[in-house]
Ligand SMILES: C[S@@+](CC[C@H](N)C(=O)[O-])C[C@H]1O[C@@H](n2cnc3c(N)ncnc32)[C@H](O)[C@@H]1O
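Residue numbers (my numbering): 617 to 1058.
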């Protein structure tokens, strides 16, 4: 068997190793290179080329073509995990590049390839015990997790003492400055409107208030979090703490499945804080979410938030299944190679909302995938925040990139820093003229 050439290795490195920005490479180039390179690899390994599409095969539909492109935006996977097998909406990758992993380039998978598994990994379904209480499906699992959190009441004093207090302080500071930068009003006029998707328990009420926002619509999957958000707002109002602010909090299961009512391009900004990655379970969920964002935003409005970066998760895992330190447990749940959608992992940060039970199940997000889909909805990346308040909080290496990784400078605990470094801020600006889905309902 002939060894791989240095070009092949270089290509595989580009495809499968984290840390090399795929956005720096043109999509068409990746596609061409992938085909050429795979042919060479296959020839060397088995003396055959990748099967050419048969003459009778139908031309790919637009959707299939797009799926193939997505697969090449981020590395594909030759095995589907159990939750992915359940997802009819996950783009098929069968016709795209298939290998078994970064360190073991293998033959293209065929239907007869029986994957060898040393240990059965936990999946979303096996993680939630006891079994009789196990919720069915992603949304129920989310509700289950966040509802348990919604029912816990922690005083400010308790929060300030916990081991994750410096992290919460820093992450709140990032959120506050993002709100101030992309949705702030000063002076006498008070008419700014914000739509907060996955608003949680109203932890940002005072940030909205001090940014001079007059109205916030907050939606969240968890009834308990929404109940707590309403309670907090009512209590603050009674205590005379919100001068300008009005809010409507509502529970909704539908952000990731259909268009919500009452959006009408009337919002100056839409935010999703530490939750957008939940919509990367499937392409359909992301599309539905982006469709709601675009339907809510006025032209020129901002869509911003904070999100764990998939590449940073991969880097922290360092090709292992589990990473653990005193504050964080990360566990890979996907099998084979990661994909643009549905590659789940456990994120458990001590003393935070993710700390209940086995931890929170999250999905890898790659900036290139995010940019690619957002573009269809008229959402253009904002690469430069031009804000002295914000810029120093991010890694300077992220200038000109969508994801700006958190770079806290004063944590005493290095283990906490690892957690913050996984997170990043993002921002898009709405250009309704480029929104290809403007008149559609979903
Ligand atoms: C880590 S919390 C963040 C809460 C809040 N944005 C913050 O920054 O404090 C994630 C939130 O996302 C919500 N969530 C998860 N999936 C969702 C979905 N499909 N639709 C709406 N909310 C969702 C959860 O219920 C939870 O409140």
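C-beta: ideal position from N, C-alpha, C; glycine also.
On the three-state DSSP scale, how would you describe residue i?
| i | result |
| --- | --- |
| residue 989 | helix |
| residue 976 | strand |
| residue 1011 | coil |
| residue 1053 | coil |
| residue 894 | helix |
| residue 823 | helix |
| residue 866 | strand |
| residue 909 | helix |
| residue 885 | strand |
| residue 963 | strand |
| residue 971 | helix |
| residue 692 | Reliability of the predicted coordinates at residue 692 is poor, the pLDDT of 36 falling under 50, and the value obtained from them is presented with this limitation in mind. Residue state, collapsed to three classes: coil. |
| residue 1032 | helix |
| residue 899 | helix |
| residue 957 | coil |
| residue 652 | helix |
| residue 839 | helix |
| residue 783 | helix |
| residue 852 | helix |
| residue 879 | coil |
| residue 984 | helix |
| residue 795 | helix |
| residue 682 | Residue placement at residue 682 is poorly supported in this model, since its pLDDT is 44, which falls under 50; the coordinates still yield a value, given next. If DSSP states are grouped into helix, strand and coil, residue 682 belongs with the helices. |
| residue 857 | coil |
| residue 904 | helix |
| residue 788 | helix |
| residue 802 | coil |
| residue 929 | helix |
| residue 844 | helix |
| residue 699 | Residue placement at residue 699 is flagged as unreliable, the pLDDT there being 31, under the threshold of 50; the coordinate-derived value follows with that caveat. Three-state DSSP puts residue 699 in a helix. |
With a CB to CB cut of under 8 Å and the five nearest residues on each side skipped, what residues in its chain are close to residue i?
| i | result |
| --- | --- |
| residue 907 | 875, 993, 1053, 1056, 1058 |
| residue 801 | 807, 808, 827, 828, 829, 830 |
| residue 938 | 945, 946, 947, 948 |
| residue 882 | 809, 912, 914 |
| residue 1029 | 779, 782, 942, 943 |
| residue 1005 | 793, 796, 797 |
| residue 789 | 1009 |
| residue 918 | 798, 799, 884, 885, 886, 998, 1043, 1044, 1045, 1046 |
Give me, in chain order, the residues of the same chain whose beta-carbon lies closer than 6 Å to that of residue i; leave out the 5 immediate sequence neighbours on both sides.
| i | result |
| --- | --- |
| residue 839 | 867 |
| residue 905 | 871, 872, 895 |
| residue 1003 | 797 |
| residue 811 | 833, 883, 886, 912 |
| residue 825 | 858, 861 |
| residue 892 | 921, 923 |
| residue 1049 | none |
Tell me, which residues are paired with residue i by DSSP?
| i | result |
| --- | --- |
| residue 940 | 945 |
| residue 996 | 1045 |
| residue 834 | 812, 865 |
| residue 1040 | 923, 1021 |
| residue 1027 | BP columns for residue 1027 are empty, so no partner. |
| residue 1001 | The partner list for residue 1001 (beta bridge, DSSP) is empty, contrary to what the question assumes. |
| residue 918 | 885, 1045 |
Who are the near neighbours of residue i in its chain, counting only those whose CB is closer than 7 Å to its CB and skipping five residues on each side?
| i | result |
| --- | --- |
| residue 929 | 946, 961, 980, 1038 |
| residue 888 | 813, 814, 921 |
| residue 990 | 906, 1044 |
| residue 836 | 814, 815, 816, 842, 867 |
| residue 1034 | 932, 941, 944 |
When burial is assigned at 16 or more other CB atoms within 10 Å of the CB, is residue i buried or exposed?
| i | result |
| --- | --- |
| residue 966 | buried |
| residue 1008 | exposed |
| residue 1059 | A question about residue 1059 goes unanswered here, because the residues of the chain that appear run from 617 up to 1058. |
| residue 747 | Confidence at residue 747 is low in this model, with a pLDDT of 36, below 50, so the placement of that residue should be treated as unreliable; the coordinate-derived value is given next. Looking at its Cβ environment, which holds fewer than 16 other Cβ atoms inside 10 Å, residue 747 is exposed. |
| residue 975 | buried |
| residue 1014 | buried |
| residue 884 | buried |
| residue 951 | buried |
| residue 820 | buried |
| residue 1051 | buried |
| residue 850 | exposed |
| residue 1040 | buried |
| residue 855 | exposed |
| residue 1036 | buried |
| residue 877 | exposed |
| residue 880 | exposed |
| residue 964 | buried |
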